[in-house]
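*Asks:* Below you'll find the structure I mean.
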Amino acid sequence: MREARAEGGWGVVNTGYCSIHPSCDDSPLPYCRLWDDEDIKVHELMVNGVHRHGALAGVELWHGGTANLFTRVTPLSASGVSQSTSNANYMSLTQSQPMDRQDIRNLRRWYVDAARRARSAGFDIVYVYAGMGYGPYQFLAPWMNKRTDEYGGSLQNRVRLTREIIEDVKEAIGQTCAVAIRFSSDDLLKIPGETLHSEAHEIVSMLSDLPDLWDVKSADWTVETTSARFCEQGAQEPFNSFVKPLTSKPVVGVGRFTSPDDMVSQIKRGILDLIGAARPTIADPFLPRKIDEGREDEIRECIGCNICVSSYHMGVPVRCTQNPTMGEEWRRNWHPEHIPPGDPEKSVLIVGAGPAGLECARALGQRGFTITVAEAGEELGGRVTLESKLPGLATWARVRDYRTNLIKTMGNVDVYRSSPVSAQDVIEFGCDHVVIATGARWTRQILDTNEYPGSEIEGDAVYTPDDILAGAEPEGPVVIYDFDHYYMGSCLAELLRQQGNEVTLVTPANAVSAWTLMNNELADIRNRMNKLGVSTVTEHYVTGFSDGAVQLVSNYPESDGCSIDCGSLVVVGVRARRDSLYQELSSDADRIADAGIISLQSIGDCRAPGAIAHAVYSGHECARTIDADGTIEPFAWERARL
Ligand code: ADP
Ligand code: SF4
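Going by our numbering, the letters in the sequence shown line up with residues 1 to 642, in that order.
The structure is reproduced here in structure tokens:
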């Protein structure tokens with residue numbers, strides 16, 4: 001995965017946070033380790049891959065701020081102040097132990113040991129992580145550092161540990177590796193300094209040229225990874241723009257940069273020396289190379305949806321809406337840019353041009369097959385075209401645009417709009433492979449209180465997201481019943497509120513858009529709902545809608561039911577496959593065979609409704625395997641060896 005980034009032209013490829021000792025364990029979240037010499041080999045695989053393409057490899061050495069659920073080592077901190085959280089997923093039932101002088105000596109030694117291992121693995125840049133509530137940052141931050149010894153109190157004292165660690169690491173490996181600092185500035189920018197504007201300014205000024213590189217960002221990961229729905233690219237600028245005047249060493253920062261112009265602007269305006277990126281590299285590992293070669297039109301731009309972030313919370317390899325090969329480079333041997341050629345003599349009919357159909361067409365087109373895409377609607381893009389019109393989701397149209405832009409350049413892909421396809425059309429068309437990508441529709445179905453599928457709620461004033469996206473204007477006040485738990489419920493609330501309706505959002509979960517805890521949007525959605533004056537009712541099921549009121553029962557069996565007066569109900573819950581075409585064709589194998597069709601398959605939401613990422617993945621997988629002989633595709637996985 002990281003080698004692909006180096007090949008794609010990124011100058012430096014870093015690990016994520018890398019624990020230096022078993023007293024820093026972030027299980028069950030995925031993180032890397034350099035705990036002993038055995039761990040070196042693992043990193044060598046990455047470093048060698050990165051070096052093969054002439055890039056530098058960096059490692060973010062990190063300690064502290066964890067609950068150590070796996071190792072059960074008592075967590076260490078500056079003063080026993082643990083990181084607080086109101087999310088049960090991240091709560092720990094143990095507090096941390098304030099570090100004494102021996103602990104500090106140990107920490108300094110662990111950093112040096114890990115740095116030496118990093119050098120042995122071949123890393124070129126070794127980071128000291130002094131941000132995000134981790135060890136050295138806890139000493140810098142006065143709200144976490146309550147010490148009365150030489151490591152607490154004055155800023156000079158609070159900076160001491162960070163300085164010592166950087167000096168130790170430089171002394172150990174500084175001859176051959178650059179030593180960088182990753183620093184979180186935003187909360188420290190709020191504390192007035194004695195001589196400079198803020199304590200953040202003073203910290204940078206004190207350490208100034210000691211590190212070889214400054215990497216500066218916000219402390220809160222949910223701020224750093226704010227989705228496109230809630231911020232533009234370059235949103236970290238207020239947190240790193242003050243650094244360059246205080247050091248002669250280079251400064252790097254992130255900001256979900258996908259626009260080359262915005263990147264150049266950062267450099268020209270003297271904000272950053274180096275453009276950092278995580279999500280843009282996930283969406284397009286080859287972004288720098290495409291800029292370098294004047295192929296900006298081919299950049300697969302990040303849409304800022306944060307599906308990648310959710311993979312981290314779920315502890316699985318990174319998934320991406322835009323880049324279906326992400327996380328599959330080694331596991332499935334899928335390269336982000338290259339794909340094995342197919343047989344140009346073979347023709348494929350793809351029905352439906354949503355994310356699944358378009359990705360399938362793009363990838364099959366790249367393979368050289370002869371492709372026809374038939375789309376019922378006038379516009380291409382299916383659900384992304386509709387959903388990108390919702391408040392804050394304009395960037396989602398990039399899922400369509402990246403693919404249609406490339407397809408336009410392919411002589412072997414014909415696209416027909418306003419072309420609804422029937423089973424008879426497919427039979428008469430005459431092609432080798434048929435791919436049905438006709439998507440899914442929202443239903444009015446609700447669940448019972450055991451969350452088993454219930455009946456559909458009938459009535460003229462009951463709407464689905466499809467109705468609203470098609471322009472229906474429900475009479476207010478509107479109740480939105482959301483048990484989809486992702487973006488749709490709150491986006492519709494926003495839209496209907498903008499249209500002047502009184503809106504109440506009801507959900508059986510304990511928060512609005514509860515799943516978005518996983519993609520770091522939860523707090524932003526809550527704020528947005530509050531700001532817009534959307535009323536929310538959590539932990540309630542809708543049981544019916546009659547006489548101008550929605551009936552509800554709470555999640556708790558012993559409580560009474562209640563009702564909300566309203567003019568309309570919007571149900572955001574279950575989607576149904578739009579698969580009648582596929583069912584009709586697949587139910588008659590002889591008819592298919594007689595028409596000379598070698599394979600017929602459904603993909604995307606037509607096969608199993610899901611997030612856009614699933615549809616894109618499904619389209620890509622189909623394109624890779626359409627001519628396979630039926631054997632299962634390779635899937636590599638890790639085995640623990642004792
Ligand atoms: P997915 O997310 O799986 O790509 P979408 O719902 O976004 O699904 O897209 C499905 C597309 O298929 C829509 O643009 C829809 O207009 C189109 N479609 C549905 N039925 C037909 C049909 N019979 N013929 C052609 N296109 C169809
Ligand atoms: Fe960007 Fe979404 Fe891909 Fe993450 S999952 S890199 S936010 S497109």
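Where is the CB? At the ideal position from N, CA and C, for every residue including glycine. Here the structure is a predicted model, which is why all the values come from computation and not from measurement.
Which residue's Cα is closest to the Cα of residue 67: 101, 58, 29 and 51?
*Replies:* 29
*Asks:* Between residue 283 and the ligand SF4, is the CB less than 7 angstroms from at least one heavy atom?
*Replies:* yes
*Asks:* May I ask you to list the residues that DSSP assigns as paired with residue 335?
*Replies:* DSSP output for residue 335 lists no bridge partner at all.
*Asks:* Can you give me the start and stop residues for the beta strand (DSSP E) that residue 544 sits inside?
*Replies:* 540 to 546
*Asks:* First and last residue of the beta strand (DSSP E) that includes residue 183?
*Replies:* DSSP places residue 183 in the uninterrupted beta strand (DSSP E) bounded by 178 to 184.
*Asks:* Per the DSSP calculation, residue 450 is bridged to which residue(s)?
*Replies:* Answer is none; residue 450 lacks a bridge partner.
*Asks:* Quick check on the burial criterion: 16 or more other C-beta atoms within 10 angstroms. Buried or exposed for residue 91?
*Replies:* exposed
*Asks:* May I ask you to check if the CB of residue 25 is nearer than 7 angstroms to at least one heavy atom of the ligand ADP?
*Replies:* Distances taken from the Cβ of residue 25 to the heavy atoms of the ligand ADP include none shorter than 7 angstroms.
*Asks:* Looking at residue 305 and the ligand ADP, is the gap between the Cβ and the nearest heavy atom below 7 angstroms?
*Replies:* no
*Asks:* Which runs of the beta strand (DSSP E) fall wholly inside the segment 418 to 471 and span at least 3 residues, in chain order?
*Replies:* 433 to 436, 440 to 442, 445 to 447 and 453 to 456
*Asks:* Residue 515 and residue 486 - do their beta-carbons sit closer together than 8 angstroms?
*Replies:* By the CB criterion at 8 angstroms, residue 486 and residue 515 fall inside the cutoff.
*Asks:* For the ligand ADP, I want to know if residue 465 counts as a neighbour, meaning its beta carbon is within less than 7 angstroms of at least one of the ligand's heavy atoms.
*Replies:* no
*Asks:* Against chain B, does residue 593 count as a neighbour if the rule is that its beta carbon must be under 8 angstroms from one of theirs?
*Replies:* Within the model displayed, chain B is absent; a lone protein chain is all it includes.
*Asks:* Between residue 369 and the rest of its own chain, which residues show a CB-CB distance below 6 angstroms, the 5 nearest in sequence each way excluded?
*Replies:* Taken in chain order, the residues that qualify are 342, 346 and 348.
*Asks:* Between residue 10 and the rest of its own chain, which residues show a CB-CB distance below 7 angstroms, the 5 nearest in sequence each way excluded?
*Replies:* 55, 281 and 288
*Asks:* Restricting to Cα atoms, I'd like to know which of 512, 510 and 530 is closest to residue 497.
*Replies:* 530
*Asks:* For residue 186, tell me which candidate among 133, 207 and 232 has the shortest Cα-Cα distance.
*Replies:* 133
*Asks:* With DSSP collapsed to three states, give me the class of residue 240.
*Replies:* Here residue 240 sits in helix by DSSP.
*Asks:* Using alpha carbons as the reference points, say which of 22, 4 and 32 lies closest to residue 315.
*Replies:* 32
*Asks:* What is the C-beta distance between residue 616 and residue 355, in whole angstroms, given that I count them as a contact (C-beta under 8 angstroms)?
*Replies:* 5 angstroms
*Asks:* Which value, in whole angstroms, describes the spacing of the CA atoms of residue 599 and residue 338?
*Replies:* 24 angstroms
*Asks:* Touching or not, the segment 498 to 512 and the segment 520 to 527, by the rule of three or more beta carbon pairs under 8 angstroms?
*Replies:* Touching, yes.
*Asks:* How is residue 295 classed by DSSP in three states: helix, strand or coil?
*Replies:* The three-state reading of DSSP puts residue 295 in coil, since its state is none of H, G, I, E or B.
*Asks:* Please say whether residue 474 and residue 544 have beta carbons closer to each other than 8 angstroms?
*Replies:* no
*Asks:* By DSSP, does residue 311 sit in helix, in strand, or in coil?
*Replies:* helix
*Asks:* Could you check what DSSP says for residue 60 in three-state terms: helix, strand or coil?
*Replies:* In this structure, residue 60 counts as strand in the three-state DSSP scheme.
*Asks:* Taking 8 angstroms as the threshold, find out whether the segment 581 to 591 comes into contact with the segment 326 to 338 through three or more Cβ pairs.
*Replies:* no
*Asks:* Going by CA-CA distance only, name the one from 293, 495 and 51 that's closest to residue 476.
*Replies:* 495
*Asks:* Can you tell me which residues form a DSSP beta bridge with residue 217?
*Replies:* Beta-bridge pairing links residue 217 to 184.
*Asks:* Tell me which same chain residues have a C-beta within less than 6 angstroms of the C-beta of residue 372, skipping the five on either side of it?
*Replies:* 349 and 414
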